[in-house]
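Following: one structure in structure tokens, then a few remarks.
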Amino acid sequence: MSELLKRFKGITEDPALSFTQKARYLSLEAENSLPYPELDEETAKALEERVICDMYEGHAPFKPRYVMPDYSVVLEKGSTFLELEPATTLDEAINSLMIAYHHVPSVTNMPVFIGRLDNLLLPYCDEVSDEDLYKKLKLFWRYLDRVLPDAFMHANVGPTDNRVARTIMRIDAELKQIAPNLTFVWDPDISSDAIFSQACESIIECSKPHIANNPLHQPLFDDYGYGVASCYNVLPLCGGASTLTRINLREVARRSKDTADFFENVLPKYIDLNFRLTETRIDHLFNKSGFFESFLVKEGWISRDRFTAMYGIFAMAQCVDELQAKEGRAGKYGHDETANQLGHRISKVLYEAVETRPMEHCWRGKAMLHSQAGLSDDDGCTPGVRIPYGSEPDPVTHVQALAEHHAFYPSGVSEILTLDETIENNPVALEQLVKGAFQLGFREFSANVSNNDLVRITGYMVRLSDIAKFKECGGSRINTTVLGAEAAETGKILERTPRVMSHELAPRYSQ
Amino acid sequence: MNLPLATVSKVLKFSCVDGPGNRLVLFLQGCNFACPTCHNPHTMKLCNDCGDCVPECPTGALTIVQGKVVHDASICDQCDKCLDVCPINANPKVTQYSVDDVLVLLYQNKPFLNGITISGGEATTQLKFIIALFTAIKTDEKLKDLTCFIDSNGYLPEPAWKTILPVTDGVMLDIKAFNNTLHRLLTTRSNERVLATAKLLFDSGKLHELRYLLIPGRTDSDEEIEDLANFVRALDTDTPLRLNTFQHHGVKGEALNWPTMKEPDVERIAEELRSAGLTNVVVPAVYI
């Protein structure tokens, strides 16, 4: 039996996987047994050494990484392909969405974006009582968690204060499910104080929603707007992102003699190689895969010219600390002003490189820089521009250290603040922290409250009790400081047992 | 005029347990009580430059210069060995802050703040500084919407309170015990002034919160809890009352032999107080 067949066999016989998980891993193995799209030698070497990374998206990109449909199309016009009439009632609208989600691909084969739900459902709510709205949305929420068990599946509400947004946040705080993830889009000129307070109280309850700073996001997009998908990817609505590639900044720093060499030679080289990798993958998707012949395009759910490419970076903390050491400076990233400013300078250089490089088949002709949350096997590298787990300063100092980065990452910054559970008795403190962060330029705000069962790891949600159960079975002591635990450890746990997993973080069968 | 300086043990830019919203907190050094249950005993006394801590410092951050203990924060790694060996419960790492120094801190952190709280030690042992600071905040266009709070043991006499209250928005007041013998045992001082302070603060609308530390076998007796309920009822049944629990974290000396307060007992006492008519009893969000 060949190695490949042995791997197939191993997957089918792995007792820790559910049958759907087996099917998914088999399909990934099949795709990855194909030859990779042709890369030049230098790019292939950088990818092999994982200085640049394709997120293990697969060897034959036949679907975009993130698809952000305009679901109002199927609600208002119906779908010829799916034989759906336009929705006329709330029941029909929810039913059409439930059907639609099954036809929206993404890197995980599950939808990463399920719509700005209040905008979508409000037109069908006039005749619906508050009690009925609550009941219907609660069933809808249960369906999402049980049928589309991916922690990256993401719903959006806000910025207006409305019944659907309020009811969804209420249900989300009650059910404390891993899926869907939830973003509340906040705009001080549009959102009421009351709904902002509700969002903050919900964070204290279940570490959701994530809050997006609309005044910073909206101007970067057109009237069609944007959606927040997966773990804080801000992308054009009715489009999405073809691919997400990323540079491991630690590896770039390791290959540099000093700071000058980093900026003048090594970083520009790998920026270029990551562009080449991105272009190769986009070329395959647009010119070979046939994806854009899909009914999704024909019926107008998505538009071929509204897909960007996410240009990711991670391990900023290790990169800066590495360069600081090469310059003989002791100050650490997140704690030292010189180190922090070096980080900001790196972000600015990356931003300018991405903004000025013309990209074919990309919305507005260029990629969008992204501070990327990480994979489950990132080998001690910190996600994006984050401060390493366990060494974070107090939340205010934390925000002040990172705020300057945010302007450089138009497609989002994956960031999590860990808050002491004493915040429970004082939600106003959380509100002020969010307002302060947004005033300083944070694009988005996510928090873990440390006694919540439901917490974020690199951006997706897990239940601590699930991890504890797993650890008990494995005989190891429950680590109460798991909030700061490496995603690597947690990711492996997630690959093995829970019903709801984070498929993006487990892009390969790893046994 | 000599502008007052504060001797500051610690500054926090984020605190959600020292008053409403997020607060910048100054912990002032020095206290007029000496509670064995104190969880910050190193804030009690001012350093007398004995130098016992200097040879204990592993990074060489502490030296003696012209008879004074000097601390170099840039090489201190916050191991707190100096606090452990201090024979008088003082802190060689204090910093002197002027009013302007604190205003700069407030400007820098303003977007994140609902207000400032002066805590300690006992904040009111440095009353002149607090009056000068709060007056400056109230007259500063950019800072005047910040609320100014004090966390106090209430030992300050009434005439002195009257000098600070016009520029103070609220006070969190600790009552350690109602039985005066017990109060003396727990603090070294009598409680008459503390109880008078509670009434004064309530009458002037500045009593933000009463705090009561539950210590098993000492302050959790039926008599103490009844006195507490009666005292709060005499003010207003809706007065916020926060029940704190004695824990060993940070404590030095004999009280480490005392039992710690457990959640079920706290819940039981909170229920008793509610049954006695108190409508605003707050229990800890977290038990260590």
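Protein chains in written order, with this note's numbering: chain U, 6 to 516; chain D, 7 to 294.
For glycine and all other residues, C-beta sits at the position ideal for the given N, C-alpha and C.
Source: prediction; values computed, not measured.
Counterpart residues of residue i in DSSP-defined beta bridges
i, result
"residue 373 of chain U", "U/315"
"residue 452 of chain U", "U/422"
"residue 97 of chain D", "According to DSSP, which records beta bridges pairwise, residue 97 of chain D is partnered with nothing at all."
"residue 216 of chain U", "U/189 and U/450"
"residue 100 of chain U", "In the DSSP output, where bridge partners are listed per residue, residue 100 of chain U has none listed."
"residue 69 of chain D", "D/76"
"residue 102 of chain D", "D/13"
"residue 73 of chain U", "U/244"
"residue 153 of chain D", "D/121"
"residue 251 of chain D", "D/220"
"residue 249 of chain U", "U/315"
"residue 126 of chain D", "D/34"
Proximity of residue i and residue j at Cβ, strictly below 8 angstroms
i, j, result
"residue 253 of chain U", "residue 112 of chain U", "no"
"residue 42 of chain U", "residue 427 of chain U", "no"
"residue 411 of chain U", "residue 370 of chain U", "no"
"residue 207 of chain D", "residue 213 of chain D", "yes"
"residue 176 of chain U", "residue 162 of chain U", "no"
"residue 305 of chain U", "residue 69 of chain U", "no"
"residue 450 of chain U", "residue 216 of chain U", "yes"
"residue 250 of chain U", "residue 283 of chain U", "yes"
"residue 71 of chain U", "residue 308 of chain U", "no"
"residue 247 of chain D", "residue 284 of chain D", "yes"
"residue 105 of chain D", "residue 138 of chain D", "yes"
"residue 34 of chain D", "residue 114 of chain D", "no"
Three-state class that DSSP yields for residue i in the structure shown
i, result
"residue 233 of chain U", "strand"
"residue 244 of chain U", "strand"
"residue 145 of chain D", "coil"
"residue 191 of chain U", "strand"
"residue 136 of chain D", "helix"
"residue 55 of chain U", "coil"
"residue 215 of chain D", "strand"
"residue 324 of chain U", "helix"
"residue 32 of chain D", "strand"
"residue 160 of chain U", "strand"
"residue 261 of chain U", "coil"
"residue 118 of chain U", "strand"
"residue 150 of chain U", "helix"
"residue 19 of chain U", "coil"
"residue 196 of chain D", "coil"
"residue 25 of chain U", "helix"
"residue 488 of chain U", "Since pLDDT at residue 488 of chain U reaches only 29, below the 50 mark, its modelled position is unreliable, and the value read off the structure follows with that caveat. The answer is helix: DSSP assigns residue 488 of chain U an H, G or I state."
"residue 392 of chain U", "coil"
"residue 180 of chain D", "strand"
"residue 334 of chain U", "coil"
"residue 288 of chain D", "strand"
Classification of residue i by the beta-carbon crowding that lies within 10 angstroms, buried from 16 upward
i, result
"residue 107 of chain U", "exposed"
"residue 375 of chain U", "buried"
"residue 405 of chain U", "buried"
"residue 14 of chain U", "exposed"
"residue 219 of chain D", "buried"
"residue 373 of chain U", "buried"
"residue 400 of chain U", "buried"
"residue 230 of chain D", "buried"
"residue 163 of chain D", "exposed"
"residue 279 of chain U", "buried"
"residue 377 of chain U", "buried"
"residue 102 of chain D", "exposed"
"residue 292 of chain U", "exposed"
The ligand GTP heavy atom lying under 7 angstroms from the CB of residue i
i, result
"residue 173 of chain D", "This structure does not include the ligand GTP; it has no bound ligands of any sort."
Problem set entry | Meets three-Cβ-pair contact criterion under 8 angstroms: the region 204-214 of chain U and the region 78-96 of chain U | Segments in contact, no.
Exercise. Counting pairs of Cβ atoms below 8 angstroms between the region 175-190 of chain D and the region 152-167 of chain D, do you hit three or more?
Worked result: By the C-beta criterion, the region 175-190 of chain D is judged to be in contact with the region 152-167 of chain D, since at least 3 inter-stretch pairs fall below 8 angstroms.
Exercise. When the Cβ atoms of the region 195-205 of chain U are set against those of the region 322-337 of chain U, are three or more pairs found closer than 8 angstroms?
Worked result: Touching, no, given that fewer than three Cβ pairs across the two stretches are closer than 8 angstroms.
Exercise. Taking contact to mean at least 3 C-beta pairs separated by less than 8 angstroms, is the region 62-70 of chain U in contact with the region 32-44 of chain U?
Worked result: Flag = yes, the region 62-70 of chain U and the region 32-44 of chain U touch.
For this session: Spell out a yes or no on whether the region 411-423 of chain U and the region 226-242 of chain D are touching, meaning 3 or more CB-CB pairs, one atom from each, closer than 8 angstroms.
Result: Contact between the region 411-423 of chain U and the region 226-242 of chain D is absent, with fewer than three C-beta pairs closer than 8 angstroms.
Exercise. How about the region 256-268 of chain D and the region 227-236 of chain D: do they share at least three Cβ pairs that are nearer than 8 angstroms?
Worked result: Verdict: no, contact absent.
For this session: Could you tell me whether the region 309-329 of chain U touches the region 337-348 of chain U, using the rule of 3 or more Cβ pairs below 8 angstroms?
Result: Yes, the region 309-329 of chain U is in contact with the region 337-348 of chain U.
Problem set entry | the region 123-130 of chain D touching the region 81-94 of chain D, judged by at least three CB pairs closer than 8 angstroms | Taking 8 angstroms as the limit for Cβ pairs, the verdict is that the region 81-94 of chain D does not touch the region 123-130 of chain D.
For this session: Check each residue of the region 114-147 of chain D: if its Cβ is closer than 9 angstroms to any Cβ of chain C, include it; give the result in chain order.
Result: Within the model displayed, chain C is absent; protein chains U and D are what it includes.
Problem set entry | Inter-stretch contact at 8 angstroms, needing at least 3 Cβ pairs: the region 262-273 of chain U / the region 381-396 of chain U | Too few Cβ pairs lie closer than 8 angstroms, so no.
For this session: Inspect the CB distances between the region 146-158 of chain U and the region 179-194 of chain U and report whether three or more fall short of 8 angstroms.
Result: Because the criterion of three Cβ pairs below 8 angstroms is met, the region 146-158 of chain U and the region 179-194 of chain U touch.
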